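Reading through the structure tokens given below for one structure.
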Amino acid sequence: MSMLFARADDDLRKAIQEIQQKAVEEAFGFIEQHAAFTRRGKGGHIQERVTGLIGATFEHCTSRAQDPQLHTHCLIANLAPRADGSWGTLESKHFFLWQMASGAIYRSALANGLRELGFEVEAVEGHKHFEVKGVDQGICQFFSKRAEAIRAQMEAMGVHKAASKVGDTITLNSRDYKQTVDRPKLFASWQADMDRLGFTQADMDNLREPNLIPFPEPLPLQHILDKLIESQAVFRLQDIYAAVGVEAQFNHVSRLDIEDTVRELLADNDMVSLGKDLSNNQIYTTKAMLAIEQDLLNHADNMHASHHYKLDERTIKNAISQQGQQQGFALSDEQVEAVFSVCQSSLDIIQGRAGAGKSTSMQAMRLAYQSQGFSVRGATVARQAAQQLEKDTGIESTTLASLLTELGKGNGQAKFKDTVILLDEAGQLATPDLLQLMQAAHTAGAKLVLVGEQQQMDAITHGGSLRYLSQRQGCARIDTIRRQREAWARTAVNDLRAGNAKAALDTFAGKGLLHIEKDSQSAREQLVKHWQAYSEVNPDKQTMIMAQRWKDVKPLNDLVRKVYQEQGKLGTENILTECVVSNQSLYFAFSKGERVRFTKNDYKRDFTNGEQGTITQVLQQGDDIRFTVKLDSGRTVSFYQSDYSDEQGRLQLVQAYACTVYSSQGATIDGDTFVLYTTAMDRAASYVAGSRHKDNCHWFVNGQELDAQSGQADKGQTPDMATHLKTLARCMSINKHKAMASEYIAEQEAQQEVSQQITNENELAA
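If you number the sequence shown the way UniProt numbering does, the last residue is 766 and the count never jumps.
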């Protein structure tokens, strides 16, 4: 829009200003209707809607870098009228809760206005905003100097979201002083630049169809419902408005139509109200989501009630004794209890802390079932975790995707009859995926053992099933940590798990394992420097480098790769290509000797997501690249990029020197680990990252990010170590675990049962 504004003549420019102001007023009205609350009562516990807001808008047409950027600042007075005529201050948290929805309302109104001026808008893949069709992105990039400056500062601080507390701080602190704006000169300068870039007045005129009369189109209700449960089982009222607002950008509907659509959705037979969450937000799910969850729970109940796989006490004791003789030490009492617990039904669950010996216990379970003629198979989400499971338990293991393929084949049911399937890191499995596995296992007559821990990282989408199933039917627990060799290290892991991050951080700092550096680049460089020094002194020890996001993992890979190239361990081919991992596009260079990870299952070529290997040859052949990789399994494979790429031609292969914390879950490192910590890592991520090692875990933190999070940087103060530790502890202790919709239904039913019981007792008393 700002490019159109800068290129337009006076009349069109004025029209664009008017539609932008109208969009601002639409968003203001939406906020006034939904997010305007004041407080009453002792401690302000009563939330009350106000009857209106007082606001003032100020239009600006430039960024601080003097690029075209039409935008409006809206100041809202912190005083508003109540229904009884009194006035009160505003409760600001509601503005933040409704921020995404308000933005969607603004953009939908703006899209309507642009369409009425004859411009077409189109969706941006992977984003929730629109673009004006025909405006070259190179033009937008040229006039984005301010945005680039903010992005550069965010990169230095290791921040990935501008819409965050830290992002706001960066935006404020990186501002240049405002300059006096000579609009006529600016427009002349902008238009001259646009002419040079190939976006002339005639080009813009060709984008318009002034006689086009846009007509409202019905919003796709089912599509919106599907989007709402695409990644989560439970969503808020604010999420409904945001989803409708995003769709409204392309359907030319008014805010009143959006309100009507939301009411229609709330009245839809597929919508289910779940009451309110702990933050007092109205929450919902759909009948379709509940049906998936109920199907899962029904299968779980039926399998748990089946005793076909129950073993007698003598068999279990013999297996435990046999394992003790093989490994040279006896199982602990809680491990013995866990083995007995998972030999009872067709669905058993074992939970245990990271490094507590779950895998050791499963060895005894394997021996017990194999002694009675049963087969035992293992499965994990990630290939590397499957290899670790097989190494630790002696159970033939594969990825879940491969196992489901086997189960789905014609002989799958016969093949898996009398088979125990152990699913490790079960908490990483989304509810629909766990249902698919449970259905297949139940149909085949197989037993399912779920192993994991609910305090570790949840499924990326639709999480919470391991925790809720454990709560419903019970589970065995192994809580004594054994992985770390030192008692203080085991205590620190327990502290991370319990959300007592301050105690863990004090321990790490006291042992010289906590490194707070000046910025993100320094943190990365120091991490790799310490990793290199450790690896050179301890060549026989294992190591692992971790970060939360691939945007953090990539530069760590680059730095480690540089070390290997300087040591002559890599070739000099350095063939650069675009790759894809977790739907993210990244560029990697490949040479002979490169450690690589496959990022997509390819059953035709027998490639597994997460499988690792070493490049033995890489050749540029015209526009294509030919790879030869020796897999860690011993197999050697050759393929072209064009044969192992996505629809956009991006190679499904990445370097494997560092990994995400999520993919590390299930790994045991006989040595030291090195973690690049960012404040997006909550309790579960910190616990997983801080519990992979047997020896030491080294933490590297970006001090600038902590400064911004602490708030002291806003006041011109330099935070001390105590403030850094306090900020770190707060971020590491946040709990973001997901919940199933069925949990809320069960809670509602329990409350109704209690209410009915009280009513019955009162009636009897009367």
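Ideal Cβ placement from N, Cα and C applies to all residues, glycine included.
All values reported here derive from a predicted model rather than from experimental measurement.
Run through DSSP, which three-state label would residue i get?
i: residue 218; result: coil
i: residue 426; result: helix
i: residue 245; result: helix
i: residue 276; result: strand
i: residue 98; result: coil
i: residue 731; result: helix
i: residue 405; result: helix
i: residue 773; result: This structure cannot settle anything about residue 773, because the visible part of the chain is limited to 1 through 766.
i: residue 19; result: helix
i: residue 45; result: coil
i: residue 530; result: helix
i: residue 764; result: helix
i: residue 421; result: strand
i: residue 546; result: strand
i: residue 261; result: helix
i: residue 76; result: strand
i: residue 589; result: strand
i: residue 693; result: strand
i: residue 138; result: helix
i: residue 558; result: helix
i: residue 171; result: With a pLDDT of 42 at residue 171, under the threshold of 50, the predicted position of this residue should be treated as unreliable, and no value is reported.
i: residue 304; result: helix
i: residue 312; result: coil
i: residue 147; result: Model confidence at residue 147 stands at a pLDDT of 46, short of 50, so the residue's coordinates are unreliable; what they give is reported in the following sentence. If DSSP states are grouped into helix, strand and coil, residue 147 belongs with the helices.
Quickly, what does DSSP pair residue i with across the bridge? List them, please.
i: residue 700; result: 515 and 676
i: residue 348; result: 449
i: residue 60; result: 71
i: residue 627; result: 618 and 639
i: residue 238; result: Residue 238 pairs with nothing; no bridge assigned.
i: residue 651; result: 579 and 645
i: residue 81; result: 87
i: residue 431; result: Note: residue 431 sits in no beta bridge, so no partner.
i: residue 596; result: 613 and 655
i: residue 40; result: 46
i: residue 28; result: Looking at the DSSP assignment, residue 28 forms no beta bridge with any residue, so it has no partner.
i: residue 669; result: 693
Among the options, which residue has its Cα nearest to the Cα of residue i?
i: residue 767; options: 444, 379 and 327; result: Any question about residue 767 goes unanswered here, given that the chain covers just 1 to 766.
i: residue 402; options: 498, 390, 35 and 383; result: 383
i: residue 68; options: 35, 289, 540 and 17; result: 17
i: residue 90; options: 541, 47, 186 and 746; result: 47
i: residue 675; options: 572, 586 and 553; result: 553
i: residue 667; options: 518, 424 and 185; result: 424
i: residue 520; options: 230, 83, 1 and 679; result: 679
i: residue 385; options: 112, 608 and 85; result: 608
i: residue 561; options: 118, 280, 590 and 88; result: 590
i: residue 610; options: 430, 731, 663 and 226; result: 663
i: residue 1; options: 58, 570, 55 and 112; result: 112
i: residue 127; options: 120, 741 and 100; result: 100
i: residue 221; options: 267, 282, 707 and 451; result: 267
i: residue 659; options: 718, 248, 677 and 649; result: 677
i: residue 184; options: 133, 514, 8 and 304; result: 8
i: residue 638; options: 647, 649, 258 and 613; result: 613
i: residue 440; options: 397, 200 and 419; result: 419
i: residue 389; options: 319, 576, 334 and 360; result: 360
According to the Cβ coordinates, are residue i and residue j closer than 9 Å?
i: residue 341; j: residue 310; result: no
i: residue 688; j: residue 728; result: no
i: residue 394; j: residue 366; result: yes
i: residue 19; j: residue 109; result: yes
i: residue 219; j: residue 244; result: yes
i: residue 557; j: residue 654; result: yes
i: residue 378; j: residue 478; result: no
i: residue 27; j: residue 49; result: no
i: residue 118; j: residue 13; result: no
i: residue 405; j: residue 603; result: yes
i: residue 661; j: residue 547; result: yes
i: residue 732; j: residue 459; result: no
i: residue 683; j: residue 669; result: no
i: residue 696; j: residue 511; result: yes
i: residue 400; j: residue 422; result: no
Requested in this report: Identify every run of the alpha helix (DSSP H) within the region 315-399, keeping only runs that are complete inside it and at least 4 residues long; order them along the chain.
Outcome: Runs found: 333-341, 358-371 and 383-393.
Query raised in the report: Which parts of the region 103-130 are runs of the beta strand (DSSP E), unbroken and 3 residues or longer, counting only runs that do not cross its ends?
Result: 121-123
**Report entry** Uninterrupted beta strand (DSSP E) stretches inside the region 450-523 (no shorter than 3 residues)
**Finding:** Qualifying beta strand (DSSP E) stretches, in chain order: 476-478 and 514-517.
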